[in-house]
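The sequence shown maps to residues 0 to 303 in numbering that gives the first Met the number 0.
Note that the Cβ used here is the ideal one computed from N, Cα and C, for glycine as well.
Encoded as structure tokens, the structure appears first; notes follow it.
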Amino acid sequence: MQFKDYYEALGVEPGAGEAELKTAYRRLARKYHPDVSKEKGAEERFKSVNEAYEVLRDKEKRAAYDQLRAQGYRPGEDFRPPPDFGSAGGQGGFGGFGGGNGQGFRFDQGGGEGFSDFFESLFGGAGRGAARARQAPQGDTRAKLAIPLEIAYSGGAQAISVDGRTLEVKIPVGIRPGQVIRLAGQGQGPTAHRGDLLLEIDYRPHGEFEVDGRNILYTAQVTPWEAALGTTLSVPTLGGRVELRVPEGSDSGRKLRLRGRGLPGKPAAGDQIVELEVSTPKPESAAQRDAYQRLAEAFAGKAR
0 MQFKDYYEAL GVEPGAGEAE LKTAYRRLAR KYHPDVSKEK GAEERFKSVN EAYEVLRDKE
60 KRAAYDQLRA QGYRPGEDFR PPPDFGSAGG QGGFGGFGGG NGQGFRFDQG GGEGFSDFFE
120 SLFGGAGRGA ARARQAPQGD TRAKLAIPLE IAYSGGAQAI SVDGRTLEVK IPVGIRPGQV
180 IRLAGQGQGP TAHRGDLLLE IDYRPHGEFE VDGRNILYTA QVTPWEAALG TTLSVPTLGG
240 RVELRVPEGS DSGRKLRLRG RGLPGKPAAG DQIVELEVST PKPESAAQRD AYQRLAEAFA
300 GKAR
């Protein structure tokens, strides 16, 4: 097993802030998403980007990872977690959910995250978007359960493992972060003394979407001529791809609304807000450079 450089995977420096991490993640996740990318190795790169962001966006996991970097571990080197890893928030803090009986609480392996052995050796199943379980005063067990946006949108089930027991958690349509699902009698501990398992919902980061309340935010790239002349784009939503008309004369930053395409809820579902980003293709031939030159001449004095 080799040591991974999560900063390199996202293309950021170790001092990168939250906003820089998010921007890098969104750009790379969109570039390598298996549904849209034609690049060789895109799926593996997409998994690598997701794994890096999962660690670096979390303050505790990032601190534990930085602790290892400070000890001199470098990318590509053979790696085994040092015996004392966790003394400052490492494996001891992440390897399990630390219930009173010492048993682990984790997502099962069927979740599809595809995280590497390196990740699992540091954080185990507990690293995948869930918080450490803890015993509530009444004997209940509390934990966070991070779910994909797609399940929040349509409802479904999430499998988890508690003390060696596999449980299926039914996720209602439109559930929001912070809401709690109670599994009666399924907490940690001996069968006769188990309290309830209280799962606080969170959303996993998504490669294409962000969430604002019940609204879904998406950035769509358009060429200068599409923005100037108008076009119709096929854009992804949580319910599938839809056609979006881009009006003539659009600029970067313009926001278009797909009503009812956000997360379900009462009295109404949210919307999907599509922000346009004008992206200029790099000229790769003399003909393309000539085309840009003619464009510059035709719009001389009108660009600003």
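For residue i, which residues from the same chain have a beta carbon less than 7 Å from its beta carbon, with the 5 sequence-adjacent residues on both sides left out?
i    : result
E76  : Q1 and F2
R164 : none
P33  : A41, E42 and F45
R240 : S233 and V234
P147 : R203
So, residue i versus residue j, is the Cβ gap smaller than 8 Å?
i    : j    : result
L257 : V273 : yes
G229 : I200 : no
D155 : I170 : Residue identity differs from the one stated: residue 155 is Gly in this sequence, not Asp. Contact flag set, yes.
Q187 : V161 : yes
S249 : L232 : no
G184 : R193 : yes
E149 : L237 : yes
D139 : L197 : yes
I215 : R260 : yes
R213 : A268 : yes
V48  : A8   : yes
Hey, could you find the ends of the alpha helix (DSSP H) residue i is sitting in?
i    : result
R25  : E17 to Y31
K46  : A41 to L55
Y5   : Y5 to L9
E283 : No alpha helix (DSSP H) contains E283, which DSSP labels as neither H nor E.
I150 : L148 to S153
E59  : K58 to A69
Give me, in chain order, the residues of the same chain whose beta-carbon lies closer than 8 Å to that of residue i; leave out the 5 immediate sequence neighbours on both sides.
i    : result
Y6   : E12, P13, A15, A51 and L55
E296 : none
F78  : M0, Q1, F2, Y72, F117 and S120
R61  : V54 and L55
E19  : V11
Give every residue of the same chain whose Cβ lies closer than 6 Å to the Cβ of residue i, excluding the five residues on either side of it in the sequence, and list them in chain order.
i    : result
G10  : A23
G111 : In this prediction, G111 has a pLDDT of 40, which is less than 50 and means its spatial position is unreliable; what the coordinates show is noted afterwards. Closer than 6 Å at the Cβ level, and outside the excluded window around G111, lies no residue.
A87  : The predicted model places A87 with a pLDDT of 40, which falls under 50 and marks its position as unreliable; any figure quoted below should be read in that light. Closer than 6 Å at Cβ, skipping near neighbours: Q66.
T218 : E274 and E276
A28  : V48 and G206
L182 : L196
A290 : none
A226 : S249 and V277
So residue i packs on residue j, CB below 8 Å; how close in whole Å?
i    : j    : result
P204 : T279 : No, P204 and T279 are not in contact; Cβ-Cβ is about 28 Å, not under 8 Å.
S251 : V277 : 4 Å
V172 : P263 : 5 Å
Less than 7 Å separating the Cβ of residue i from some heavy atom of the ligand HEM?
i  : result
A8 : With respect to the ligand HEM, the structure shown offers nothing to examine, as it has no ligands at all.
Examine chain C for any beta-carbon lying closer than 8 Å to the beta-carbon of residue i, and answer yes or no.
i    : result
T230 : Among the chains of the structure shown, chain C does not appear; only one protein chain is present.
Looking at the unbroken beta strand (DSSP E) that takes in residue i, where does it start and where does it end?
i    : result
K169 : R164 to I170
S233 : T230 to V234
D211 : E209 to D211
E119 : Unbroken run through E119 is the alpha helix (DSSP H), D116 to F122; no beta strand (DSSP E).
Q220 : N214 to V221
D201 : L196 to Y202
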